[in-house]
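Peer 1: Just dropping this structure here.
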């Protein structure tokens with residue numbers, strides 16, 4: 264991950280902490296993919312995808328989460344749940360979209376349950 268990516272993940276993580284979530288893990292990687300942030304809100308595990316765009320000229324940050332990316336997130340989350348013996352744990356997928364031009368403060372949008380699954 265480059266420094267910019269780390270910077271925006273830090274921004275997202277701190278934002279979610281201010282909303283009451285607790286950080287469990289960062290950059291959980293498997294062959295199937297990577298989960299940027301794994302957090303907990305009350306008794307629910309929250310798998311977070313962080314997306315950044317300088318502007319929306321080529322689409323918003325959320326528009327960059329493709330069907331393929333969603334499937335990778337689901338597969339990787341399932342591996343995390345199996346690895347941690349948490350397959351009966353309530354969970355959801357959230358996204359943090361950060362849009363920023365050099366002249367302004369980053370705009371953060373938090374989308375809860377951005378991927379529907381049956382868990």
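In the numbering used here, the protein residues as written are 264 to 382. Glycine included, every Cβ here is placed at the ideal spot set by N, Cα and C. In this text the structure is predicted, and so the values were computed from the model without any measurement.
From what residue to what residue does the alpha helix (DSSP H) around residue 346 run?
Peer 2: 330-346
Peer 1: Can the beta-carbon of residue 303 be found closer than 8 Å to that of residue 284?
Peer 2: yes
Peer 1: Report the rounded CA-to-CA distance for residue 337 versus residue 294, giving the unit in angstroms.
Peer 2: 13 Å
Peer 1: Compute the beta-carbon to beta-carbon distance between residue 299 and residue 272, rounded to the nearest angstrom, for a pair I have assumed lies under 8 Å.
Peer 2: 6 Å
Peer 1: If we count Cβ pairs, one from each stretch, closer than 8 Å, do we get three or more for the segment 344-351 versus the segment 329-336?
Peer 2: no
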